[in-house]
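Residue numbering for the sequence shown is -21 to -1, 1 to 225, as defined by mature numbering (1 follows the signal peptide of the UniProt record, and there is no 0).
Here a beta-carbon is modelled for each residue, glycine too, at the ideal position from N, C-alpha and C.
Quick caveat: nothing in here was measured; it's all calculated off a predicted structure.
Heads up: the structure comes next, in structure tokens.
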Amino acid sequence: MFFKVPALLLVAFGVLSGVLALPIPSETNGQRLARGLPPSPPKFLKRFLATPVSNAKRTTTSPLPPVTLSGRLQVRSKENGSSLGNVRNWPGGGTISGTSAFSPDGDLLVTLTYNPSDPTKIQILSTNPAFPAPFYVGAGTSNTISVPHLAAGDYHSVGFTNVESTAPGSPPSKAPSRDAYVESAIWTINPSTKQLTAQFINEDGSTPPTVFAYDIRNNNLFFTGDIAEYNSHASFLASAVDLYLV
Ligand SMILES: *[C@@H]1O[C@H](CO)[C@@H](O)[C@H](O)[C@H]1NC(C)=O
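Set out below in structure tokens:
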């Protein structure tokens, strides 16, 4: 007890000197040095030494508005980028599953809307369809014998055709009033180049390679998970091609 009193006094003195060491506003470094204190840190350091929350710059990110684009769908060679024709607009069977290379009047016109901060899972809508509904541009079958499935190392394909609207990220859905499995919200756009790429979703929710392919001999556009496997099983060779909104 006897020895603790001076110790407490020392503590109290320490606290007092701590109080005295607190910076006085608008005090110069000369005055600080005169009081035996180090110079105050430069302003830029004070910013970092201060509590981060109070001094953090508040960035208000207002969401970018959606972007709507219209045009034609142009099929291009992957080798040299040259056009192989625009997606066609036929009244009969086969609707959009090929190009109108020899008939410009037969081009399909489309519109799409995307979110600039996430330009994926986009739907493409036909605006001048010469065929009856459905009017979305997507992946679909012409029967419901089996659910379409794409995979690397698998020769199977699924048609590039006019489909009903399906929810973003949804697996193949049975069309409400047709004998078909369909997916529409499969497109991603590159906002600078306007290239469109597809991502098919399998029944189990997996996201397989989705190669956009063109069998020029049969003028047939489709998707496959593996173009080499497809070609090893096909009578007519197809090429992986690119698709652009123009
Ligand atoms: C571009 O490549 C395609 C095959 O993808 C070919 O048919 C066409 O002749 C080529 N065009 C030029 C200009 O090289």
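Beta-carbon spacing of residue 181, residue 75 below 7 Å: No, these two residues do not count as a Cβ contact at 7 Å.
Proximal residues to residue 108 (C-beta, below 6 Å), its chain only, five neighbours per side dropped: So the list reads 114, once near-sequence residues are dropped.
Proximity to residue 82 [Cα-Cα], best of 93, 73, 68 and 94: The closest CA to that of residue 82, considering only 93, 73, 68 and 94, is found on 68.
Candidates 128, 45 and 88: closest to residue 96 by CA position: Cα-wise, what sits closest to residue 96 is 45.
Cβ pair residue 132, residue 205 closer than 7 Å: Taking 7 Å as the cut-off, the beta carbon of residue 132 is found closer than this to the beta carbon of residue 205.
Residue 59 CB to nearest heavy atom of ligand 1 below 6 Å: Flag set: Cβ of residue 59 near ligand 1.
Three-state class that DSSP yields for residue 207 in the structure shown: Reduced to three states, the DSSP call for residue 207 is helix.
Alpha carbon of residue 121 to alpha carbon of residue 41, nearest angstrom: For residue 121 and residue 41, the gap between their C-alpha atoms comes out near 44 Å.
Residue burial classification, residue 222 (beta-carbon count within 10 angstroms, cutoff 16): Counting of Cβ neighbours within 10 angstroms places residue 222 among the buried residues, the total reaching 16 or more.
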